[in-house]
Structure formats: C-alpha cells, structure tokens
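Residue numbers (the numbering used here), protein chains in the order written: chain A, 1 to 113; chain B, 114 to 225. For each residue, glycine too, the CB sits at the ideal point set by N, CA and C. Because the structure is a prediction, the values reported are computed rather than measured. Step one of this worksheet: look at the structure below.
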C-alpha cells in the first residue's frame with residue numbers, strides 16, 4: 001500500500017541553523033501539507049500546497065518557513081533560522097482531493113538546542 | 114478563532130465495553146469531519162471520516178455527526194487494549210478546505 005515517507009526521522013540542530021525536512025507524498029496525490037506537534041500538544045496546521053504554490057498557511061508559518069516541491073516527488077519544509085520553540089514533531093500529509101482524507105507520514109522529530 | 118474541542122481524558126473503559134468520544138466544533142460551515150488515532154510518538158492514523166448528518170459504521174467504529182449541534186462523536190464497540198491511544202477529532206473549515214483543524218485529543222485507556 002502506498003504511503004507517505006519522511007526523512008530524516010530525527011534531526012538535532014543548533015539554534016539559528018537552517019534545517020530542511022523532506023517528504024515524499026503518495027504518487028497520485030495533488031495536495032500536500034505540513035503540520036507540527038509540540039510534545040504533549042495538539043497537531044497544528046502549518047501550510048497547504050497545491051499546483052506548486054501555497055494555498056493556505058497558518059499564523060505559525062512566518063517568514064522563517066518555506067516550502068518547495070523541487071521535483072515531481074519531493075516536498076520540503078525549510079526552517080531558515082531555527083529557534084528553541086521549533087522543537088516538535090513535523091508531519092507531512094497528502095491527499096488526492098482536498099475534501100478527502102489526508103494521509104500522514106511517520107514524522108520528523110526536530111530538536112533545536 | 115475556529116476551534117475544535119474534545120475532553121482530554123483520560124477515558125478509561127474495561128475491555129469489551131463501549132468507548133464514547135466526543136468532539137464539538139465552532140465553524141458552523143464545516144463540511145468534513147475526521148477521527149484519527151495516534152499512538153504515542155507516532156503519526157495520526159485515520160479511523161473514520163463523515164460528511165453527512167447521522168451515523169456511519171465501520172466495523173467496531175461508529176461516527177455520529179450532528180451539524181445543527183456542531184457535534185461529532187466516535188463510538189468504539191468491544192473495546193480492546195490495542196485501542197488504547199489518543200483519538201483526534203479533525204475538521205475541514207468551509208472557508209478553506211485546505212486547512213484542517215485538530216482538536217487536542219482524548220486519551221483512551223482500555224483496561225484488560
């Protein structure tokens with residue numbers, strides 16, 4: 001069964017460094033998403049992406065964040081200058097149609113020191 | 114602020130009992146409603162989705178939607194210890210189908 005994959009599974013970085021989180025959505029899906037979940041807190045929407053552009057973003061998704069689909073398979077989330085409060089689990093999700101179920105990847109656990 | 118609310122729990126039920134999980138949402142125009150299960154340290158996994166008022170059954174799971182009351186619930190029949198997890202209610206906003214808002218989750222513990 002097709003699934004969303006994410007790399008790396010864990011990332012440790014120093015405050016102020018740039019990180020890139022990678023996702024490979026399910027191949028026939030058209031809508032892509034990033035969420036984050038701070039330990040012990042709820043899943044928070046960050047951004048949605050369709051047709052090579054951002055379709056919706058939350059107030060969390062400020063200028064430090066960017067997303068890109070550099071080729072036909074990868075979908076990346078870049079954090080330009082990480083802060084301690086960026087430490088969280090980051091989930092990628094994809095769906096064939098935005099009214100349908102989103103399928104989540106296993107997540108990348110980011111720790112900013 | 115569009116919110117999705119759930120009782121945080123923990124909700125404890127004995128094995129074989131019915132677990133009832135509840136969710137309310139504030140965006141009256143919401144169209145799509147999802148229940149996800151999340152084990153500790155893992156990603157959310159879809160259990161059920163429902164779009165129309167009424168009940169939707171899938172195996173041991175029944176989702177119930179009442180748009181007038183802005184209420185959605187999940188019933189788990191014949192609860193098993195493997196059902197012990199956090200259950201997340203999620204809602205698509207009518208104003209933006211691209212944005213899914215999650216509730217804080219209800220922790221369920223099924224006691225053998």
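CB of residue i within 7 Å of CB of residue j, strictly
i                     : j                     : result
residue 163 (chain B) : residue 146 (chain B) : yes
residue 64 (chain A)  : residue 81 (chain A)  : yes
residue 61 (chain A)  : residue 69 (chain A)  : no
residue 178 (chain B) : residue 133 (chain B) : no
residue 26 (chain A)  : residue 94 (chain A)  : yes
residue 126 (chain B) : residue 214 (chain B) : no
Beta-carbon separation (whole angstroms), residue i vs residue j, contact threshold 8 Å
i                     : j                     : result
residue 107 (chain A) : residue 89 (chain A)  : 5 Å
residue 212 (chain B) : residue 56 (chain A)  : 5 Å
residue 121 (chain B) : residue 219 (chain B) : 6 Å
residue 113 (chain A) : residue 14 (chain A)  : 6 Å
residue 223 (chain B) : residue 192 (chain B) : 5 Å
Through-space distance from residue j to residue i, alpha-carbon basis
i                     : j                     : result
residue 201 (chain B) : residue 92 (chain A)  : 17 Å
residue 66 (chain A)  : residue 128 (chain B) : 46 Å
residue 31 (chain A)  : residue 22 (chain A)  : 16 Å
residue 53 (chain A)  : residue 119 (chain B) : 33 Å
residue 45 (chain A)  : residue 34 (chain A)  : 7 Å
residue 194 (chain B) : residue 221 (chain B) : 10 Å
residue 184 (chain B) : residue 138 (chain B) : 7 Å
residue 225 (chain B) : residue 17 (chain A)  : 47 Å
residue 48 (chain A)  : residue 98 (chain A)  : 10 Å
residue 180 (chain B) : residue 169 (chain B) : 14 Å
residue 167 (chain B) : residue 41 (chain A)  : 30 Å
residue 154 (chain B) : residue 77 (chain A)  : 20 Å
residue 87 (chain A)  : residue 5 (chain A)   : 20 Å
residue 43 (chain A)  : residue 217 (chain B) : 7 Å
residue 171 (chain B) : residue 160 (chain B) : 9 Å
residue 165 (chain B) : residue 204 (chain B) : 13 Å
Option in the options with minimal Cα separation from residue i
i                     : options                       : result
residue 39 (chain A)  : A:55, A:85, A:13 and A:7      : A:85
residue 206 (chain B) : A:58, A:19 and A:8            : A:58
residue 28 (chain A)  : A:96, A:100 and A:109         : A:96
residue 72 (chain A)  : A:24, A:87 and A:7            : A:24
residue 83 (chain A)  : A:51, A:42, A:12 and A:100    : A:12
residue 198 (chain B) : B:158, B:180 and B:171        : B:158
residue 173 (chain B) : B:190, B:217, B:124 and B:203 : B:190
residue 176 (chain B) : B:135, B:124 and B:141        : B:135
residue 3 (chain A)   : B:196, B:156 and B:165        : B:156
Bridge partners - residue i, DSSP secondary structure assignment
i                     : result
residue 10 (chain A)  : A:109
residue 18 (chain A)  : Paired residue(s): none; residue 18 (chain A) is not in a bridge.
residue 65 (chain A)  : A:79
residue 222 (chain B) : B:125
residue 38 (chain A)  : According to DSSP, residue 38 (chain A) bridges with nothing at all.
residue 137 (chain B) : B:118 and B:184
residue 57 (chain A)  : A:47
residue 205 (chain B) : B:213
residue 159 (chain B) : B:149
residue 94 (chain A)  : A:32 and A:103
residue 172 (chain B) : BP columns for residue 172 (chain B) are empty, so no partner.
residue 24 (chain A)  : A:5
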